[in-house]
Structures are given as C-alpha cells and as structure tokens.
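*Asks:* Numbering (our numbering), first residue to last: 312 to 678. One structure, as structure tokens, below. Some questions next.
Structure, rendered in structure tokens:
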C-alpha cells in the first residue's frame, strides 16, 4: 500500500498559494506559485524563499563521533572546525552512492543533512554500521528548513537578527542565533549558485519566519519559489540531483564527485571498491549545451559520431541563457575524443556541445 505524502509545516501556505502542489520524494511541495521563469529570475536578481523541510537531519554524537563520520562519509571531516559544513557522500561497500549529504560540525556533535527520499532507511543503515560509542538520532520530524537565496538574501537575514553576519563564509554556519525572535541554526549554503542562506528552526517557528520575510520584503521583489525553479537554478550551476544524476549504482568517480572523495584519509566504507573503480570507469558524467534549438530531457540519447554513447540524466531550457542545457553519462572511452554531440529529441538528432560547469557564471555566490 502506497504511503500518503507528508505535509511540511508550510503545507497550508502552499495549498493557498499554488495550484501545482505535487508529491516530491514523499512530501507535498509546490512546483511553482506564479511561474518557474518568474521565480527563477527572482533568485538570480533579488531573492526567493524555498520550503526545504523535506530534507532529513541526523545527529551523530558520542566519544567516537568524528571517527564514525569519517568512516561513513567520503570527504575528510577531520578538516572541519566547529561552525563549518562540508559537502560529502555516503556509500555502500561496493562504492555505490547511498546519498550526497552535507555534514555540519557542531560544538558537541555532527549533523548530517540527507535528501528526502528514504530518510528512515539511511538512518537505519547508519545505525547498522555504528558502534556502542556512537549515538545516532533522527530529528527530521522535529526540524523545519527553509532556504533564502539570491543577491538580497544577506540583507534579508541581517534585518531579522542583531548579529553581524557579513563575515559568514560559504559553507560556514552559526549554530544558535536569534532570528525574528526565534532560535535558529543559520547556514550559508544553498543549491542555486547565488548568495544564500538556509535556516533550521522549529516546526512552530517556520511559518512565522516564512510569512514575515515575504511580507517585509515583498516590495523588494522577494517571492516564494517552488521545485521547478529550484531545478532550473541547480541545473544552470551543474549541481547534481540524487535519483536523477546519481544513484546506488553510481560511484563518486562516475558522477564527477572525486573532489569530495578523499582516498588518502584512511579507510572508509566503499573505499577499496572506489580505488579499483577509479582506474576502470565504464561511464563518466558530462555537461552539455545545445547549439541547436531543442530541450533535452532525462532519458534522451547522447550521440557521438553517429553512435549512441550515453543518456541524459537531467535537462532543461536555461532561463538565463535561453538554451537547452543538460547533464548526462557517456561511455568513458569517448570522453575527450570530441566535444560535438547530438541529443535525440522527439525522433530528431539535435546538435550540442560538451562544456564545463557551471553553465551560468554570473551568480552572486561569492558576494
């Protein structure tokens, strides 16, 4: 029997303001409120709010918490100081990606933020490989999470707190800060390529924070935004989406995530298989842009020299570039042989070109 999607603490707002609420990874979330294009441009030029309450949060504590996190993640957490976050991944013994994650090093523990799909399954997997000296807690149902993204985001956050956040660097966070009268964790992270922040707060606080920001900054052009623009924004940056651009059969090196995989840090789950996989990759992730009119979609063939050599995993029309862009996989032996490709779109081969990410290079991320 299929489970009914869960409602985030902002569900009532979505239903009242969007006619496009769908089941996304087991949660009711809006595709858009006004339009995908409108919300995309708001993030690129001003700012927008996203409901990301569907993400999961797992707390790792205990005397061997660092050792455990080091064992179950691909990146090197020993480099983190309290107040720093790190993009990483968890993999199985075969090196297959269970999820891409963000690790937060808090004062007394670690918080691992996982994707919405299978939160409980990931929690149980971590429990199954843990020791008695480590405690793992799933607090996903106790926390809400929203993202404020765009060039105006720092101004918006600053207006709601008495603490000067101008020096908060990318992938750094403040574990406890007052914002609009509520205690939050404030993280300078995001999924858009723009200056942005993510707020972790109680379920009771999130609606007040959400509504206050929208009301106070409506005249500045700040809008709520949905899944549609979140996808076009991340694609313009070349950010991967678990379940589309990677899955349990993909290793970090297949997915171009070698930069978050430290094989020299010591043993961790999946390391041995990754070492051999790195030497003999069968498929590799690529980025491409259409040079001929056409919108690439997941599943479309990637063609080189009249041969199908791969497939599109994510694709769209870029609102910023007004061109088709995409991510995909091709046979490893074809990488570097030619930049010119074709994408099979509705029975016709449309011309494209392999490029490096990001597609969009004017973001305010480093502001």
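Using N, Cα and C, we set each Cβ at its ideal position, and we do this for glycine too.
On the DSSP bridge list, what partners appear for residue 660?
*Replies:* By one-based count along the chain shown, residue 660 stands at place 349. Residue 660 is bridged to 655.
*Asks:* Quick check on this structure: which residue in 336, 318, 341 has the alpha carbon closest to the alpha carbon of residue 329?
*Replies:* Working through the chain shown from its first residue, we reach residue 329 at position 18. Nearest C-alpha to residue 329: 341.
*Asks:* Which two residues bound the contiguous beta strand (DSSP E) that contains residue 399?
*Replies:* Within the chain shown, the letter at position 88 stands for residue 399. 395–402 is the extent of the beta strand (DSSP E) around residue 399.
*Asks:* Residues in the same chain with beta-carbon distance under 6 angstroms from residue 451, minus the five sequence neighbours each way, listed in chain order, please.
*Replies:* Position 140 of the chain shown holds residue 451. Same-chain partners within the cutoff: 367, 368, 430.
*Asks:* Taking residue 530 as the reference, give the member of 495, 357, 572, 484 with the closest Cα.
*Replies:* Numbered from its first residue, the chain shown carries residue 530 at position 219. Per the Cα distances, 357.
*Asks:* Take residue 528 and list the residues in its own chain whose beta-carbon comes closer than 6 angstroms to its own, dropping the five residues that flank it on each side.
*Replies:* Numbered from 1 along the chain shown, position 217 holds the residue referred to as residue 528. 467.
*Asks:* Secondary structure at residue 557, three-state DSSP: helix, strand or coil?
*Replies:* One-based indexing of the chain shown puts residue 557 at position 246. Reduced to three states, the DSSP call for residue 557 is strand.
*Asks:* Please report the distance separating the alpha-carbon of residue 481 from that of residue 572.
*Replies:* To locate residue 481, count along the chain shown from 1; it is residue 170. To locate residue 572, count along the chain shown from 1; it is residue 261. Straight-line Cα distance between these residues: approximately 20 angstroms.
*Asks:* Could you have a look at residue 416 and say whether DSSP puts it in helix, strand or coil?
*Replies:* As a first step, residue 416 must be located in the chain shown, where it is residue number 105. In this structure, residue 416 counts as strand in the three-state DSSP scheme.
*Asks:* Measure the alpha-carbon distance for residue 604 versus residue 635 and round it to whole angstroms.
*Replies:* Taking the chain shown and counting its residues from 1, the one referred to as residue 604 is at position 293. Taking the chain shown and counting its residues from 1, the one referred to as residue 635 is at position 324. One C-alpha to the other measures close to 7 angstroms.
*Asks:* Go through its chain and collect everything with a Cβ distance to residue 668's Cβ below 6 angstroms, but skip five positions before and after it.
*Replies:* Numbered from 1 along the chain shown, position 357 holds the residue referred to as residue 668. Here the set comprises 549, 598.
*Asks:* What is the rounded straight-line gap between the Cα of residue 336 and the Cα of residue 318?
*Replies:* Along the chain shown, read from residue 1 onward, the residue named residue 336 stands at position 25. Along the chain shown, read from residue 1 onward, the residue named residue 318 stands at position 7. Roughly 12 angstroms between the two C-alpha positions.
*Asks:* Under 8 angstroms: do the region 413–426 and the region 486–505 share three or more Cβ pairs, one atom per stretch?
*Replies:* yes
*Asks:* To the nearest angstrom, how far is the alpha carbon of residue 579 from that of residue 586?
*Replies:* Sequence index remark: in the chain shown, residue 579 carries index 268 (1-based). Sequence index remark: in the chain shown, residue 586 carries index 275 (1-based). Their Cα atoms are separated by approximately 12 angstroms.
*Asks:* Give me the residue from 628, 591, 491 with the minimum Cα distance to residue 643.
*Replies:* As a first step, residue 643 is located in the chain shown; it is residue number 332 there, counting from the start. If we check each option's Cα against that of residue 643, 591 comes out closest.
*Asks:* Roughly how many whole angstroms lie between the Cα atoms of residue 393 and residue 436?
*Replies:* Position 82 of the chain shown, counted from the first residue, corresponds to residue 393. Position 125 of the chain shown, counted from the first residue, corresponds to residue 436. Between residue 393 and residue 436, the C-alpha separation is close to 26 angstroms.
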